[in-house]
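Asks: In the working numbering, the protein residues as written are 2 to 157.
Beta carbons: idealized from backbone N, C-alpha and C, even for Gly.
(1) Going residue by residue through the region 47-71, where are the continuous beta strand (DSSP E) segments of at least 3 residues, counting only ones entirely within it?
(2) Using the Cβ count rule (16 or more neighbours within 10 Å means buried), how would you classify residue 128?
(3) Any idea which residues DSSP pairs residue 89 with across the strands?
(4) Ignore the nearest five residues each way along the sequence and tell me which others in residue 3's own chain have a CB closer than 7 Å to its CB.
(5) How about residue 20 and residue 133: do their beta carbons lie closer than 8 Å?
(6) Assign residue 68 to buried or exposed, taking buried as 16 or more other Cβ atoms, counted over all protein chains shown, within 10 Å of its Cβ.
(7) Comparing the CB of residue 107 with every heavy atom of the ligand ADP, is any distance shorter than 7 Å?
(8) List in chain order: all unbroken alpha helix (DSSP H) runs of 4+ residues lying wholly within the region 116-155.
(9) Counting C-beta neighbours from all protein chains within 10 Å, is the total for residue 231 16 or more, i.e. buried, or is it exposed?
(10) What whole-angstrom Cβ distance do residue 155 and residue 112 have, given they're in contact under 8 Å?
(11) Applying the 10 Å Cβ sphere with the 16-neighbour rule, what's the burial state of residue 75?
(12) Please return the same chain residues whose Cβ sits closer than 6 Å to the Cβ of residue 86, not counting the five positions on each side in sequence.
(13) Which same chain residues end up closer than 6 Å to residue 5 when comparing Cβ atoms and leaving out the 5 residues on each side of it in sequence?
(14) What residues match up with residue 42 in a beta bridge as DSSP calls it?
(15) In angstroms with no decimal places, state the Cα-to-Cα distance between residue 90 and residue 82.
Listed below in C-alpha coordinates is the structure:
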(Lines of atoms letter the chains of each structure in order from A and count residues from 1; the text may use other names and numbers.)
(Lines give C-alpha, C1' and ligand atoms only; values in the text may rest on other atoms or scores of the structure.)
Protein backbone atom coordinates (compact mmCIF):
# COMPACT_ATOMS: atom_id res chain seq x y z
CA UNK A 1 0.00 0.00 0.00
CA UNK A 2 1.29 3.49 -0.85
CA UNK A 3 1.72 5.64 2.22
CA UNK A 4 3.37 8.91 3.08
CA UNK A 5 4.29 9.85 6.65
CA UNK A 6 5.51 13.41 6.84
CA UNK A 7 5.85 16.45 9.06
CA UNK A 8 5.60 19.96 7.62
CA UNK A 9 6.93 23.30 8.82
CA UNK A 10 7.00 26.92 7.79
CA UNK A 11 10.49 28.18 7.01
CA UNK A 12 12.13 31.30 8.42
CA UNK A 13 12.72 33.26 5.21
CA UNK A 14 15.67 35.32 6.50
CA UNK A 15 17.55 32.23 7.72
CA UNK A 16 16.66 30.30 4.56
CA UNK A 17 18.03 33.04 2.32
CA UNK A 18 21.37 32.95 4.19
CA UNK A 19 21.70 29.20 3.71
CA UNK A 20 23.91 27.72 1.02
CA UNK A 21 21.66 25.34 -0.89
CA UNK A 22 21.78 23.01 -3.86
CA UNK A 23 20.13 23.84 -7.17
CA UNK A 24 16.35 23.70 -6.98
CA UNK A 25 13.89 22.06 -9.36
CA UNK A 26 10.85 23.83 -10.80
CA UNK A 27 7.58 22.03 -10.01
CA UNK A 28 4.39 22.78 -11.95
CA UNK A 29 1.34 20.96 -10.70
CA UNK A 30 -2.41 20.91 -11.07
CA UNK A 31 -5.30 18.93 -9.70
CA UNK A 32 -7.60 16.82 -11.86
CA UNK A 33 -9.66 16.00 -8.75
CA UNK A 34 -9.46 18.13 -5.62
CA UNK A 35 -11.89 17.08 -2.90
CA UNK A 36 -11.60 17.09 0.90
CA UNK A 37 -10.60 13.46 1.30
CA UNK A 38 -8.84 12.74 -1.99
CA UNK A 39 -7.14 14.34 -4.94
CA UNK A 40 -5.45 13.46 -8.19
CA UNK A 41 -2.46 15.61 -9.05
CA UNK A 42 -0.44 15.95 -12.24
CA UNK A 43 3.06 17.29 -11.75
CA UNK A 44 6.03 18.26 -13.85
CA UNK A 45 9.26 18.17 -11.85
CA UNK A 46 12.17 19.27 -13.99
CA UNK A 47 12.15 17.00 -17.03
CA UNK A 48 9.78 14.36 -15.63
CA UNK A 49 6.01 14.01 -15.38
CA UNK A 50 4.04 12.34 -12.58
CA UNK A 51 0.48 11.53 -11.65
CA UNK A 52 -0.34 11.12 -7.97
CA UNK A 53 -3.45 9.88 -6.19
CA UNK A 54 -3.71 10.99 -2.55
CA UNK A 55 -6.21 10.18 0.15
CA UNK A 56 -6.71 10.64 3.85
CA UNK A 57 -5.10 8.36 6.36
CA UNK A 58 -4.45 8.24 10.08
CA UNK A 59 -2.42 10.76 12.06
CA UNK A 60 0.40 12.17 9.94
CA UNK A 61 0.24 9.24 7.51
CA UNK A 62 -1.81 9.52 4.33
CA UNK A 63 -2.41 7.32 1.31
CA UNK A 64 -0.27 8.22 -1.69
CA UNK A 65 0.31 6.49 -5.02
CA UNK A 66 2.67 8.24 -7.43
CA UNK A 67 3.62 7.12 -10.94
CA UNK A 68 5.96 8.58 -13.51
CA UNK A 69 4.27 9.43 -16.81
CA UNK A 70 5.67 10.95 -20.01
CA UNK A 71 6.40 14.65 -19.51
CA UNK A 72 4.48 15.47 -22.72
CA UNK A 73 1.38 13.78 -21.27
CA UNK A 74 1.74 15.73 -18.02
CA UNK A 75 2.09 18.99 -19.95
CA UNK A 76 -1.02 18.24 -22.00
CA UNK A 77 -3.07 17.31 -18.91
CA UNK A 78 -2.02 20.51 -17.13
CA UNK A 79 -3.10 22.60 -20.13
CA UNK A 80 -6.38 20.79 -20.84
CA UNK A 81 -7.62 19.69 -17.43
CA UNK A 82 -6.07 21.83 -14.70
CA UNK A 83 -8.54 24.27 -13.19
CA UNK A 84 -5.98 25.45 -10.63
CA UNK A 85 -2.45 24.60 -9.61
CA UNK A 86 0.72 25.69 -7.91
CA UNK A 87 4.27 26.50 -8.93
CA UNK A 88 7.29 26.17 -6.70
CA UNK A 89 11.02 25.60 -6.62
CA UNK A 90 11.90 22.51 -4.58
CA UNK A 91 15.21 22.11 -2.82
CA UNK A 92 16.38 18.80 -1.34
CA UNK A 93 18.69 19.01 1.65
CA UNK A 94 20.15 16.03 3.49
CA UNK A 95 19.02 15.49 7.07
CA UNK A 96 20.50 13.24 9.74
CA UNK A 97 19.55 9.58 9.78
CA UNK A 98 19.46 9.31 5.99
CA UNK A 99 16.37 11.55 5.78
CA UNK A 100 15.85 14.44 3.37
CA UNK A 101 14.29 17.86 3.85
CA UNK A 102 12.22 19.00 0.87
CA UNK A 103 11.85 22.77 0.94
CA UNK A 104 9.30 24.37 -1.38
CA UNK A 105 9.65 28.05 -2.26
CA UNK A 106 6.30 28.90 -3.80
CA UNK A 107 5.92 31.16 -6.83
CA UNK A 108 3.25 33.40 -8.36
CA UNK A 109 -0.03 33.46 -6.32
CA UNK A 110 1.67 31.68 -3.40
CA UNK A 111 4.87 33.74 -3.48
CA UNK A 112 6.26 34.47 -0.05
CA UNK A 113 5.37 31.04 1.31
CA UNK A 114 8.18 28.59 2.08
CA UNK A 115 7.36 25.14 3.45
CA UNK A 116 9.72 22.36 4.52
CA UNK A 117 8.66 18.76 4.86
CA UNK A 118 10.41 15.62 5.97
CA UNK A 119 9.17 12.15 5.11
CA UNK A 120 9.50 9.68 7.95
CA UNK A 121 9.48 5.89 8.13
CA UNK A 122 7.15 5.91 11.14
CA UNK A 123 5.03 8.53 12.90
CA UNK A 124 7.03 8.67 16.13
CA UNK A 125 10.44 8.81 14.41
CA UNK A 126 12.72 11.50 15.80
CA UNK A 127 14.70 13.89 13.59
CA UNK A 128 16.87 16.98 13.97
CA UNK A 129 15.22 20.32 13.33
CA UNK A 130 17.45 22.82 11.53
CA UNK A 131 17.58 26.42 12.78
CA UNK A 132 15.71 27.69 9.70
CA UNK A 133 12.53 25.78 10.57
CA UNK A 134 9.59 27.74 11.88
CA UNK A 135 6.14 26.77 13.15
CA UNK A 136 4.95 23.22 12.53
CA UNK A 137 1.97 23.08 10.15
CA UNK A 138 1.50 19.31 9.87
CA UNK A 139 -2.20 18.67 9.35
CA UNK A 140 -3.10 22.34 8.74
CA UNK A 141 -5.23 22.00 5.64
CA UNK A 142 -4.79 25.56 4.37
CA UNK A 143 -1.08 24.85 3.78
CA UNK A 144 -1.74 21.70 1.71
CA UNK A 145 -0.73 22.11 -1.92
CA UNK A 146 -4.23 21.11 -3.01
CA UNK A 147 -5.68 23.90 -0.86
CA UNK A 148 -3.10 26.45 -2.04
CA UNK A 149 -4.17 25.70 -5.63
CA UNK A 150 -7.66 26.99 -4.79
CA UNK A 151 -6.94 29.53 -2.03
CA UNK A 152 -3.68 31.29 -2.83
CA UNK A 153 -1.42 32.37 0.02
CA UNK A 154 -1.29 35.97 -1.25
CA UNK A 155 -5.09 36.22 -0.82
CA UNK A 156 -5.09 35.24 2.87
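Replies: On the basis of the supplied data:
(1) 49-59, 62-70
(2) exposed
(3) Note: residue 89 sits in a beta bridge opposite 28, 107.
(4) 64, 65, 66
(5) Taking a C-beta distance under 8 Å as the contact criterion, residue 20 and residue 133 qualify as a contact pair.
(6) exposed
(7) With respect to the ligand ADP, the structure shown offers nothing to examine, as it has no ligands at all.
(8) 146-151
(9) Since the first and last residues shown for the chain are 2 and 157, residue 231 lies out of range.
(10) 7 Å
(11) When all chains shown are included, residue 75 counts as buried.
(12) 30, 31, 150
(13) 63, 65
(14) 32, 53
(15) Roughly 22 Å separates the two Cα atoms.
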